[in-house]
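The structure appears below as structure tokens.
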Amino acid sequence: MHHQVISVQKHLPKIDGKEDLLISQDTTNAVFEGLKRKKLVVKYYQSQGGNLIWIQGGKLTFLADSLIQLIHRVQYYGFPQGCYHLHELADSNSINHKPDLIRKDILLTDAFIDLAQNLKYGVNGSQGWKEDSTSLELLNTVLSGSGLKKTLEGQEPEHGGYVGLKKALQLMLDSTSYQFTDSISLQRNFRLIAINLERWRTEKQDMKKRSIFINIPSYYLYVLENDSALFTSKVIVGTVENQTPELSSTVEYFSVYPYWNVPKKIAIEEFLPLVKNNKDFITNNNFDILDHRGRILNIDSVPWANFHENYFPVTFRQKEGPDNALGIIKFIFENPYAVFLHDTNAKKLFNSKTRALSHGCIRMEKATELAHFLMTGKPDKKSKYVDNILKDKQQKWVRLKYPIPIHIRYFTCEFKNNTFFSYPDIYSRDEVLFDLLFAGVNDIDL
45 MHHQVISVQK HLPKIDGKED LLISQDTTNA VFEGLKRKKL VVKYYQSQGG
95 NLIWIQGGKL TFLADSLIQL IHRVQYYGFP QGCYHLHELA DSNSINHKPD
145 LIRKDILLTD AFIDLAQNLK YGVNGSQGWK EDSTSLELLN TVLSGSGLKK
195 TLEGQEPEHG GYVGLKKALQ LMLDSTSYQF TDSISLQRNF RLIAINLERW
245 RTEKQDMKKR SIFINIPSYY LYVLENDSAL FTSKVIVGTV ENQTPELSST
295 VEYFSVYPYW NVPKKIAIEE FLPLVKNNKD FITNNNFDIL DHRGRILNID
345 SVPWANFHEN YFPVTFRQKE GPDNALGIIK FIFENPYAVF LHDTNAKKLF
395 NSKTRALSHG CIRMEKATEL AHFLMTGKPD KKSKYVDNIL KDKQQKWVRL
445 KYPIPIHIRY FTCEFKNNTF FSYPDIYSRD EVLFDLLFAG VNDIDL
């Protein structure tokens with residue numbers, strides 16, 4: 045999408061003999077050094093005919109002062125203080141040399157564009173939008189009289205999770221007496237919140253709609269609508285070796301009393317050694333062994349000793365029933381990872397504080413209750429249909445009248461009910477975002 049840049053020249057002073065520098069295609073001059081959004085900065089000054097926009101009479105305008113003050117407080121948005129050319133911009137309000145004057149004006153423009161795009165897309169997400177001209181239109185509106193702070197904050201996400209963490213950050217920065225639920229240091233909390241604000245900025249799904257939301261590090265599933273939890277359940281997620289993926293999809297149907305078709309990797313690595321040691325493992329755990337055509341084999345006729353990683357022509361299928369590893373309900377949603385949401389026959393595991401225990405699928409504590417909810421649309425109302433098919437104890441597929449979006453995400457902290465919660469970074473995914481946000485930052489001045 046191409047955006048037209050509208051000229052807003054309003055008696056802004058020109059620099060004698062310097063107009064060519066600001067409208068030149070040559071950006072090798074030192075005044076352009078260190079810019080984050082160089083192409084957009086040059087594009088904007090060309091649209092303004094080389095005029096300065098933040099400086100008049102050799103001094104910063106009120107608008108420029110306002111931007112510098114906001115940059116002084118970028119930690120309230122989850123950015124390290126010192127970003128957005130702060131040290132160079134805060135040097136002085138008066139400039140005596142024309143190159144310094146040009147440089148400061150350029151830095152302010154670059155800071156505005158960079159901050160606007162980082163607030164909208166995230167630091168990581170905005171890398172793909174380096175030439176998005178929307179921020180130039182925002183700059184036009186600010187120079188035309190719209191409030192600077194309000195305009196920039198209008199770029200922020202409206203997700204409830206983002207709003208909550210930003211509130212937690214403000215409480216943390218404004219009150220040293222504010223008590224968090226754990227004893228992590230102030231800087232550690234700041235970094236943790238900053239990392240998760242960044243995650244919310246890159247979130248493109250509409251979280252206001254009713255949807256299933258699973259936060260991997262918290263080990264919880266929610267049915268959310270307009271940022272309110274209508275339903276909650278503990279979940280078990282994948283181990284570090286078998287990580288549950290982040291994804292978005294739609295739950296369109298569920299099955300009751302499902303078979304478990306064991307993934308080949310699990311069958312070879314975990315079950316085959318057990319079978320070679322004792323074939324009773326198969327019958328003791330209610331497995332059928334199928335050939336490539338889906339026919340059930342006599343386990344005594346299968347040459348187990350010949351099977352190995354590169355030769356395994358059978359499938360393990362666990363029979364339906366309460367002892368099935370999938371429990372009695374499985375929720376299916378299309379995804380490239382072959383993961384799904386299901387009940388479990390090992391309910392006692394939900395008593396564990398750490399629940400990264402599965403092969404990647406999500407086991408849930410209240411699968412039956414979720415099936416009722418998805419059929420009735422109300423968390424406290426049961427479905428007679430679900431009750432009846434569960435009593436039949438026969439395998440059955442149920443298509444939902446109203447399919448529901450499902451989002452599996454990874455947030456290591458949240459702020460809800462005026463309480464801050466931090467969760468273990470079980471898959472070590474925070475480090476990548478930390479390096480992105482805090483590269484070159486040795487200490488954080490809060």
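Numbering of the sequence shown is given in the working numbering, commencing with residue 45 and proceeding in unit increments. Heads up, the beta-carbon is just placed ideally off N, CA and C, and yes, glycines get one too. All of these numbers come straight from a predicted model, not from anything done at the bench.
Alpha carbon of residue i to alpha carbon of residue j, nearest angstrom
| i | j | result |
| --- | --- | --- |
| Lys-260 | Gly-404 | According to the sequence provided, residue 260 is Ile. The question's Lys does not apply to it. Ile-260 and Gly-404: Cα-Cα distance of roughly 11 Å. |
| Thr-294 | Leu-180 | 37 Å |
| Lys-148 | Leu-196 | 20 Å |
| Leu-480 | Gly-169 | 11 Å |
| Lys-194 | Val-118 | 14 Å |
| Val-85 | Phe-123 | 21 Å |
| Ile-239 | Trp-348 | 50 Å |
| Ile-237 | Ala-212 | 8 Å |
| Leu-492 | Tyr-165 | The structure shown does not extend to residue 492, since the chain is modelled only from 45 to 490, so the question has no answer here. |
| Asn-270 | Ile-433 | 32 Å |
| Thr-398 | Asn-461 | 23 Å |
| Phe-360 | Glu-475 | 38 Å |
| Leu-56 | Lys-142 | Low local confidence applies: a pLDDT of 40 at Leu-56 is under 50, so the model's placement there is unreliable, with the coordinate-based value given in what follows. Spanning the two alpha carbons is a distance of roughly 15 Å. |
| His-386 | Lys-392 | 15 Å |
| Val-442 | Ser-177 | 47 Å |
| Tyr-381 | Ser-292 | 12 Å |
| Asn-329 | Tyr-429 | 30 Å |
| Pro-317 | Phe-325 | 10 Å |
| Lys-252 | Thr-283 | 30 Å |
| Ala-134 | Gly-102 | 15 Å |
| Leu-217 | Arg-81 | 29 Å |
| Ala-390 | Phe-351 | 29 Å |
Own chain residues within Cβ distance below 8 Å of residue i, not counting five before or after
| i | result |
| --- | --- |
| Leu-192 | Leu-107, Ser-110, Leu-111, Leu-114 and Val-186 |
| Ala-273 | Tyr-266 and Val-267 |
| Tyr-454 | Arg-243, Asn-259, Ile-260, Pro-261, Glu-290, Tyr-471 and Arg-473 |
| Phe-29 | Past the edges of the chain, shown from 45 to 490, lies residue 29, and the structure says nothing about it. |
| Lys-426 | His-416 and Thr-420 |
| His-131 | none |
Heavy atom of the ligand ZN within 8 Å of residue i beta-carbon
| i | result |
| --- | --- |
| Ile-450 | This structure lacks the ligand ZN; in fact it carries no ligand of any kind. |
Beta-carbon spacing of residue i, residue j below 9 Å
| i | j | result |
| --- | --- | --- |
| Asp-332 | Lys-363 | yes |
| Asn-162 | Arg-245 | yes |
| Ser-402 | Ile-258 | no |
| Tyr-206 | Ala-400 | no |
| Val-358 | Leu-334 | yes |
| His-451 | Ser-255 | yes |
| Thr-420 | Arg-407 | no |
| Leu-230 | Glu-458 | no |
| Phe-465 | Asn-233 | no |
| Leu-159 | Leu-96 | no |
| Phe-456 | Asp-436 | A small correction: the amino acid at residue 456 is Thr; Phe does not occupy that position in the sequence shown. Cβ atoms of Thr-456 and Asp-436: not closer than 9 Å. |
| Gln-249 | Pro-449 | yes |
| Glu-296 | Glu-413 | no |
Cβ-Cβ separation, residue j to residue i (assumed contact under 8 Å), whole Å
| i | j | result |
| --- | --- | --- |
| Phe-384 | Ile-376 | 5 Å |
| Asn-73 | Leu-79 | So it is not a contact: roughly 11 Å between Cβ atoms. |
| Gly-365 | Tyr-467 | Going by Cβ atoms, the distance from Gly-365 to Tyr-467 rounds to 34 Å, so no, they are not a contact pair. |
| Ile-312 | Glu-353 | 6 Å |
| Phe-298 | Val-306 | The Cβ separation is near 20 Å, so there is no contact. |
| Ala-510 | Tyr-128 | Because the chain here runs from 45 to 490, residue 510 falls outside it and cannot be looked at. |
| Ile-150 | Phe-76 | 7 Å |
| Pro-423 | Phe-275 | 5 Å |
| Lys-323 | Ile-340 | With 8 Å as the limit, Lys-323 and Ile-340 do not qualify as a contact, their Cβ atoms being about 15 Å apart. |
| Gln-90 | Ile-67 | 5 Å |
| Leu-418 | Leu-444 | 6 Å |
Residues of its chain near residue i, where Cβ-Cβ distance is below 7 Å and the 5 sequence neighbours each way are ignored
| i | result |
| --- | --- |
| Tyr-88 | Val-49, Thr-153, Leu-180 and Leu-183 |
| Lys-308 | Phe-356 |
| Pro-201 | Trp-244, Arg-245 and Glu-247 |
| Gln-438 | Tyr-301 |
| Val-167 | Glu-242, Leu-480 and Leu-481 |
| Tyr-71 | Checking the sequence, you will find Thr at residue 71 rather than Tyr. Here the set comprises Lys-82 and Val-86. |
Sequence-distant residues of its chain with Cβ nearer than 6 Å to residue i (five each side left out)
| i | result |
| --- | --- |
| Glu-304 | It should be pointed out that residue 304 corresponds to Trp in this sequence rather than to Glu. Closer than 6 Å at the Cβ level, and outside the excluded window around Trp-304, lie Gln-362, Asn-368, Ala-369 and Leu-370. |
| Gly-204 | Asp-271 |
| Gly-93 | none |
| His-116 | none |
| Ser-227 | Here Ser-227 scores only 43 on pLDDT, less than 50, and its place in the model is too uncertain to base an answer on. |
Contiguous alpha helix (DSSP H) assignments of at least 4 residues, all confined to the region 82-168
For the alpha helix (DSSP H) assignment, the uninterrupted runs of no fewer than 4 residues enclosed by the region 82-168 are, from N- to C-terminal side, 82-91, 106-116, 130-133 and 142-165.
Run through the region 259-302 for me and flag every whole beta strand (DSSP E) of 3 or more residues, listed as ranges in chain order.
You should have 264-269, 272-282 and 291-300.
Jot down the residue ranges of each uninterrupted beta strand (DSSP E) in the region 301-347, minimum 3 residues, whole runs only, in chain order.
Taken in chain order, the complete beta strand (DSSP E) segments of 3 residues or longer contained in the region 301-347 are 331-334.
What beta strand (DSSP E) runs, 3 residues minimum, are completely inside the region 415-453?
For secondary structure counted as the beta strand (DSSP E) over 3 or more consecutive residues, the region 415-453 holds these complete runs in sequence order: 440-453.
Secondary structure, beta strand (DSSP E): runs of 3+ residues fully inside the region 183-235:
Whole beta strand (DSSP E) segments, 3+ residues: zero.
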